[in-house]
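**Q** The sequence shown maps to residues 401 to 495 in the working numbering.
By construction, the Cβ of each residue, glycine as well, lies at the ideal position given by its N, Cα and C atoms.
The model shown is predicted, which means the values in this text are computed figures rather than measured ones.
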Amino acid sequence: MKFIQIVEQSGDIEEARAEIEGYFESTGDDTQVKKLTLCTDRDVPGKILSIVEFESWDTASDNNDLEATQEGAAKEQAASSVTYRNLDAHHEWIR
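(1) What are the start and end residues of each continuous beta strand (DSSP E) run of 3 or more residues lying completely inside the segment 436–484, in chain order?
(2) Relative to the C-alpha of Phe403, which residue among Ala418, Ala473, Val482, Lys434 is closest?
(3) Taking all protein chains shown into account, decide if Gln405 is buried (16 or more other Cβ within 10 angstroms of its Cβ) or exposed.
(4) Taking the alpha carbon of Gln432 as the point to measure from, which residue in Cys439, Leu438, Tyr423 has its own alpha carbon closest?
(5) With a threshold of 8 angstroms, are at least 3 pairs of Cβ atoms found where one atom belongs to the segment 472–480 and the other to the segment 408–419?
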């Protein structure tokens with residue numbers, strides 16, 4: 401079952417983009433992330449949401465064990481309040 405994690409935090413979108421690009425550069429082929437969409441909330445300035453997609457909960461757990469993932473999460477927690485939403489995708493419609 402596809403697993404999606406939504407990461408919500410406050411900050412600068414360009415700093416978030418640079419951090420994500422750095423993460424992908426440092427993990428290379430080791431990351432289990434299949435897709436990441438970086439968003440801002442139109443109604444709440446400075447609110448950033450990352451929609452991170454994995455093949456499954458198991459691959460997300462493997463990805464969580466990567467050193468770069470652990471370092472990035474610690475950095476996010478220290479910089480701002482971060483909320484994680486862990487979602488199992490039961491159905492998906494693509495048109």
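**A** Taking the definition as stated:
(1) DSSP runs (the beta strand (DSSP E)) wholly in the segment 436–484: 447–454.
(2) Nearest of Ala418, Ala473, Val482, Lys434 to Phe403, Cα basis: Lys434.
(3) Buried: at least 16 other Cβ atoms inside 10 Å.
(4) With distances taken between Cα atoms, Gln432 lies closest to Tyr423.
(5) Yes, the segment 472–480 is in contact with the segment 408–419.
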